[in-house]
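In the working numbering, the protein residues as written are 15 to 264.
We put the beta carbon where it would ideally sit given N, CA and C, even for glycine.
Notes to accompany the following structure.
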Ligand code: F6R
């Protein structure tokens, strides 16, 4: 049986504070290792963190010239310049505001092919692996687009999105029918190979998932519970999401 590690937790006062704290962790990493590989997530939660990174870049000139980024996932079938593609999101939320080089940005290309998955996986190894991976968490415990019952041993793969995930993401599209049914995502094993992992959760709607993450459960039915198999995970929550019971975790 694999070892169970204790997750570290930082509780921020509010969303702004959470965003500042996580941005500071990234900035510290960029200073310590100017050619670090940073794993990035999309969705609502990291937007404030990206804003803090941009603010710091403009004020303090933190340089991303030699930084490489790998994104967790991408919808299948959306072109790079589709406003809901994760490539578009990343350009808009972060990349076009800092001095990262286009050739150092890696985002799955949204093609439904085994070859695309294998080459994404190989590239992560080729660039030296992820030094610091940022994650959000779905209400059902998904990380990346690894939905419940994805094997913990999974590598980059194509997934069929759960109805609940499509519904949660429909707010960004004209309607649920516009939300792609498939995505390409780094697998759980791929994520666990990152040297350090920071998971962010904000707001009351995430408190159940956070509570479950800090329970005794380690089960493929709750993908984020795989993080207990990693030795350097910090969960950064705001007070609303922090409605967990520390006792259940002892
Ligand atoms: C996004 C991703 C997803 C999100 C999760 C939470 O790249 O991998 O796992 O992190 O769905 O999304 P938000 O932050 O919108 O609640």
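Relative to residue 122, the option among 229, 210 and 170 whose CA is nearest is 170. Between the alpha carbons of residue 240 and residue 211 lies a distance of about 12 Å. Two segments are said to touch when three or more pairs of C-beta atoms, one from each, lie closer than 8 Å; by this definition the segment 103-122 does not touch the segment 27-34.
The continuous alpha helix (DSSP H) containing residue 138 extends over residues 128-140. Straight through space, the alpha carbons of residue 177 and residue 216 are spaced by roughly 22 Å. Residue state for residue 125 is assigned as coil, using DSSP reduced to three classes. If you draw a 10 Å sphere on the C-beta of residue 81, you find 16 or more other C-beta atoms in it, and that means buried. Counting of Cβ neighbours within 10 angstroms places residue 46 among the exposed residues, the total staying below 16. For residue 138 and residue 125, the gap between their C-alpha atoms comes out near 18 Å. Taking 7 Å as the cut-off, the C-beta of residue 205 does not count as close to any heavy atom of ligand 1. As the crow flies, the alpha-carbon of residue 58 is around 14 Å from that of residue 66.
Here the distance from the Cβ of residue 87 to the nearest heavy atom of ligand 1 is below 7 Å. Uninterrupted alpha helix (DSSP H) stretches at least 4 residues long and entirely within the segment 25-107 occur at 29-46, 61-74 and 100-107, given in chain order.
Residue state for residue 241 is assigned as helix, using DSSP reduced to three classes. In the structure shown, residue 170 falls within a coil segment according to DSSP collapsed to helix, strand and coil. Counting along the chain, residue 227 sits inside the alpha helix (DSSP H) bounded by residues 221-227. The beta carbon of residue 101 is closer than 6 Å to those of 94 and 121 in its chain, skipping five residues each way along the sequence. One Cα belongs to residue 96, the other to residue 20, and the distance between them is close to 40 Å. Restricting attention to 32, 192, 18 and 134, the CA atom closest to the CA of residue 254 is found in 32.
Under the three-pair Cβ rule at 8 Å, the segment 159-166 counts as touching the segment 232-251.
About 18 Å separates the Cβ atoms of residue 144 and residue 249, ruling out a contact at the 8 Å cut-off. The beta carbon of residue 244 lies closer than 7 Å to those of 19, 206 and 211 in the same chain, with the five residues before and after it left out. In the three-state scheme derived from DSSP, where H, G and I count as helix and E and B as strand, residue 199 is classed as strand. At the C-beta level, residue 197 and residue 88 come within 8 Å of one another.
Beta-carbon to beta-carbon, residue 146 and residue 36 are separated by about 10 Å, too far to satisfy the 8 Å threshold.
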